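61 is the number that this note's numbering gives to position 61 of the sequence shown; each next residue is one higher, with no gaps.
Heads up, the beta-carbon is just placed ideally off N, CA and C, and yes, glycines get one too.
All of these numbers come straight from a predicted model, not from anything done at the bench.
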Amino acid sequence: MKFQINWDAIGVSATIACAIHCALLPLFLSSLPLFGVNIIHNSFFEGGMILLAFLIGCFSLWHGFKKHHHRLLPITVFTFGIFFLVIKQFWMHDTFFLLFAAVVFIVFAHFKNWRYCRKAKHCHASDCNH
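The following block contains the structure:
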């Protein structure tokens, strides 16, 4: 029995966790600055979350591209999503719209990657090794 990790599910989960963090954390943790703790607009924490989403997404999408479907659409859509996440860090007054666009693009990229991987019953190129 072989254990396999569903990287697309982890990527979607990380993206949704990031969206929940951005939307709900200010509501629940607004009293933390009273105690000297500030993670709501902490650029290191935000950058770490974006980096985590980027690394998981890149690994997941590259794996699907290289070993299964050989289509660039998920990687392209994911790139737009990460672009919106990074831009969100600089234009704080448009956070909701940029975050919404980023989440939609990233989740759609993982969904398409998952669908393409499921449709690929066999390899299409000589570089496949599974």
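Where does the unbroken alpha helix (DSSP H) through Trp91 begin, and where does it stop?
First-last for Trp91: undefined, no H or E at that position.
For Leu52 and Ala9, believed in contact at Cβ under 8 angstroms, the rounded distance
Not confirmed; about 15 angstroms, so no contact.
Keeping to the same chain, check which residues put their C-beta closer than 8 angstroms to that of Lys119; ignore five residues upstream and five downstream.
If the five residues before and after Lys119 are omitted, its C-beta is found closer than 8 angstroms to the C-beta atoms of His69, all from its own chain and listed in chain order.
Residues in its own chain within less than 7 angstroms of Trp114 by CB, not counting five upstream and five downstream?
Short of 7 angstroms from the beta carbon of Trp114, and not among the five residues preceding or following it, lie these beta carbons of its own chain, in chain order: Asp8.
Give the straight-line distance between the Cα atoms of Val132 and Asn42, rounded to the nearest whole angstrom.
Residue 132 lies beyond the stretch modelled for the chain, which goes from 1 to 130, so this question has no answer here.
Quick one: grab the DSSP three-state call for Arg71.
Note: Arg71 maps to coil in three-state DSSP.
Flag this pair as yes or no: are the beta carbons of Ala95 and Lys88 separated by less than 8 angstroms?
Residue identity check: residue 95 is Thr in the sequence provided, not Ala. Their beta carbons are under 8 angstroms apart, which means Thr95 touches Lys88 by this criterion.
With burial defined as no fewer than 16 other Cβ atoms inside 10 Å of the residue's Cβ, what is the status of Ile16: buried or exposed?
Label assigned to Ile16: exposed.
For Ile20, which of Leu73, Met49, Met92, Ile75 has the nearest alpha-carbon?
Nearest C-alpha to Ile20 among Leu73, Met49, Met92, Ile75: Met49.
To which residues of the same chain is Cys117 closer than 7 angstroms at the C-beta, ignoring the five residues directly before and after it?
Sequence-distant partners of Cys117 (beyond 5 residues in either direction) whose C-beta falls short of 7 angstroms from its own C-beta, in its chain, are Gly64, His68, His69.
Have a look at Cys58 and Leu99 and give me their C-alpha separation to the nearest angstrom.
Looking at the two C-alpha atoms, the distance is approximately 19 angstroms.
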